[in-house]
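Just so we're aligned, residue 1066 is where the sequence shown starts under my numbering, counting upward by one.
Here a beta-carbon is modelled for each residue, glycine too, at the ideal position from N, C-alpha and C.
In this text the structure is predicted, and so the values were computed from the model without any measurement.
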Amino acid sequence: MSDNLNLLIESSPQIKQSGSTASVMWAVTICLLPAGIWGVWVFGIRVLGVLFASIIAAVIAEAAMAYLVKKNTIQDGSAVLTGLLIGFNMPPSVPYYIPVVASVFAIVIVKWTFGGLGGNFMNPALAGRVFVFFSWTGPMTKWTMPAVLTRIDAVTTASPLGAVKSGLLEYTGSADGPARFLSEAGYPHSVMDTGITSWLNSNFGFSLSDGYVDMFVGNIPGSIGEVSVLLLLLGSIYLFIRKIITWEIPVSYIAVFGLLIWIFGGTRFSDGSYFNGDVLFHLFTGGLFLGALYMATDMVTSPLTSKGMLIYGAGAGLLTFLIRIYGSFPEGVSLAIILMNIFVPMIDQYTKPKRFGIETKKVVK
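Set out below in C-alpha cells:
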C-alpha cells in the first residue's frame, strides 16, 4: 500500500448530492417569483414595499447574527427565501412594521437561537407569520380586493374563507355556489372566468361552475403570494424535476385534506350532509398550495424517509381540515405545519430504516 494514500473519515451521511444549499434556496426563490409578480399585479405596487420590507429585514437580521457567531451565511440565500415567504403570507395592506417584526423573529428567535440553518425545529417563515398574526390580528386579517382585472379601486373586504367562517355568508357548495358566493361577497367576477368556464364546459363536457377559475388563477382576496394556485403549481414543476421537493408531502397533504373536506365539509351548512363538501373551493382559497408545496417541504423541518413524509403530510392535511372547519380560524395551514414540525423527530425515529447488519431480537423470558 502506498504511503501517499490519504483516507478521509467523516460521519454519515456519506452519500452527497451535487447541489449546494445556496443553489436549492435560490431555486425555490426563483420559482416563487411568478406568484409574487402576480400579487403585485392584482393588489398594486404597494405589495412590493411589503415584500422588500420583509426580505431586507430578514437579510439584515441574518447578517447581524452571522457577524456575532463569526460565520458568513448571507450568500446561501436562506434569509432571502425566509423573508420572501413571510411577505407572501402577509395581507396586501399590512403595515410595513409587521413583516419586519415577523422576519426578525423568524431569523433571530426561530433560526439562530437553535444554531442557524439546519438547527431550527420549525419553519422560520411560518413561525414569524404566526407570531405577528396573534400579535396584530386586526391588520393580519384585513384583506384587499383585486383591482386590476376588474378595473376598480382596491377596497378592503374579507377573504372567502373568512366570510364563510365568520358567518357573513353561507357557502352551500351547490352547483352555482362559487359564482353566487363571490357575487354575494361583493367580489369582482371576471370575464376571463366566465369565458374559460364556458369553453371548458362546451368543448370538454366539464361540469364546472363559474367562480372556480377566478379562485384558481388568483382573482380573489388573500395573502400576497397565496392567491394564484396556477402560478404556484407552475413554479413547483422545476423543483420536482430537480428533486428539490418530492411528491410525498404535497400529495399526502392535499389528498387527505381534500378527502376530509369532501366527506365532512358539507356538514357545517344547513343540510348537514356528508360527502357533499366543495373540495375545489377549499383547495383554491387560502394558503394550502403555498404551504404544501413550498413550506411543508422544507428540508430542515420535514421527515427524512418517504414513509415519514407521507405520515407528516397526512397529519398536516388532517390538522388543516380540523382548524379550518371546526376551529375558530378560517385558515389552518400555518398552524398545522408548525404542529407537524414538532412531531418530525418522533416520525423520523419510528420510520427510519434498520441499520445494515443489526437484527432486533425479542427476548424470551
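Segment limits, alpha helix (DSSP H) that includes residue i
| i | result |
| --- | --- |
| K1308 | Where K1308 is concerned, there is no enclosing alpha helix (DSSP H), given that its DSSP letter is neither H nor E. |
| Q1414 | 1398–1416 |
| E1313 | 1313–1329 |
| T1457 | What is shown of the chain runs 1066 to 1430, which leaves residue 1457 out entirely. |
| L1375 | 1371–1386 |
| D1279 | 1277–1282 |
| P1286 | Per DSSP, P1286 belongs to no alpha helix (DSSP H) and is neither H nor E. |
| V1256 | 1256–1269 |
| I1102 | 1086–1108 |
| L1116 | 1111–1133 |
| V1344 | 1344–1349 |
| A1192 | 1189–1200 |
| S1009 | Because the chain spans 1066 through 1430 in this model, residue 1009 falls outside it and cannot be assessed. |
Residue of the options minimising C-alpha distance to residue i
| i | options | result |
| --- | --- | --- |
| A1361 | G1382, F1349, Y1415 | G1382 |
| F1346 | Y1318, M1280, A1357, W1177 | M1280 |
| D1413 | F1386, T1385, G1392, V1365 | V1365 |
| A1123 | G1152, V1169, A1100 | V1169 |
| F1322 | G1380, M1374, S1399 | G1380 |
| N1341 | I1328, L1353, L1348 | I1328 |
| A1319 | Y1162, V1278, I1174, F1386 | Reading the sequence as shown, one finds Ile at residue 1319 and not Ala. Cα-wise, what sits closest to I1319 is F1386. |
| A1190 | L1150, V1197, G1203 | L1150 |
| I1326 | I1172, P1157, V1344, G1270 | V1344 |
| P1315 | S1367, R1194, D1258 | S1367 |
| W1103 | P1157, L1375, S1085, A1118 | P1157 |
| I1376 | S1338, A1118, K1417 | K1417 |
| T1350 | E1291, I1174, R1194 | E1291 |
| G1148 | G1283, G1193, I1388 | G1193 |
| P1204 | F1108, P1164, N1137, K1308 | P1164 |
| S1371 | I1289, T1094, T1311, S1338 | T1311 |
| R1481 | Y1161, L1098, C1096 | Given a span of 1066 to 1430 for the chain in the structure shown, any question on residue 1481 remains unanswerable. |
| G1114 | P1099, Y1132, V1159, T1202 | V1159 |
| N1406 | M1374, G1392, T1262 | M1374 |
| N1188 | F1408, I1403, Y1415 | I1403 |
| F1394 | C1096, W1264, V1195 | V1195 |
| P1099 | W1264, D1258, L1295 | L1295 |
| S1288 | G1352, I1306, K1308, W1264 | G1352 |
| S1317 | S1293, G1378, V1197 | G1378 |
| G1283 | L1265, V1093, D1258, L1146 | D1258 |
| L1324 | K1308, R1307, L1384 | L1384 |
| V1105 | P1286, I1390, L1299, Y1415 | P1286 |
| F1408 | V1197, L1369, R1389 | L1369 |
| K1432 | D1363, R1389, F1117 | Residue 1432 falls outside the range modelled here, since the chain spans only 1066 to 1430, and no answer is possible. |
Neighbour-count burial assignment, residue i, 16 or more Cβ in a 10 Å radius
| i | result |
| --- | --- |
| S1301 | buried |
| V1134 | exposed |
| N1154 | buried |
| V1256 | exposed |
| T1178 | exposed |
| M1066 | The predicted model places M1066 with a pLDDT of 49, which falls under 50 and marks its position as unreliable, so this point remains unresolved. |
| P1410 | exposed |
| F1199 | exposed |
| K1419 | exposed |
| K1176 | buried |
| A1240 | Annotation note: pLDDT 46 at A1240 (below 50); position unreliable, no value reported. |
| A1129 | exposed |
| N1268 | exposed |
| Y1277 | buried |
| S1274 | buried |
| N1137 | exposed |
| T1202 | exposed |
| I1120 | buried |
| F1108 | buried |
| S1085 | exposed |
| D1270 | Correcting the residue identity first, residue 1270 is Gly in this sequence and not Asp. With fewer than 16 Cβ atoms within 10 Å of its Cβ, G1270 is classed as exposed. |
| G1431 | Residue 1431 lies beyond the stretch modelled for the chain, which goes from 1066 to 1430, so this question has no answer here. |
| S1338 | exposed |
Closer than 7 Å: residue i CB and nearest the ligand FAD heavy atom
| i | result |
| --- | --- |
| L1387 | With respect to the ligand FAD, the structure shown offers nothing to examine, as it has no ligands at all. |
Please confirm if the stretch 1086–1093 is in contact with the stretch 1140–1158, defined as three or more CB-CB distances below 8 Å between the two stretches.
-> yes
contact_flag[the stretch 1183–1192, the stretch 1203–1213] where n(CB pairs < 8 Å) is 3 or more | Fewer than three Cβ pairs drawn from the stretch 1183–1192 and the stretch 1203–1213 lie within less than 8 Å of each other, which leaves the two stretches out of contact.
Do the stretch 1157–1169 and the stretch 1106–1125 touch if we need at least three Cβ pairs shorter than 8 Å?
-> yes
Are three or more beta carbon pairs between the stretch 1350–1360 and the stretch 1386–1400 nearer than 8 Å?
-> yes
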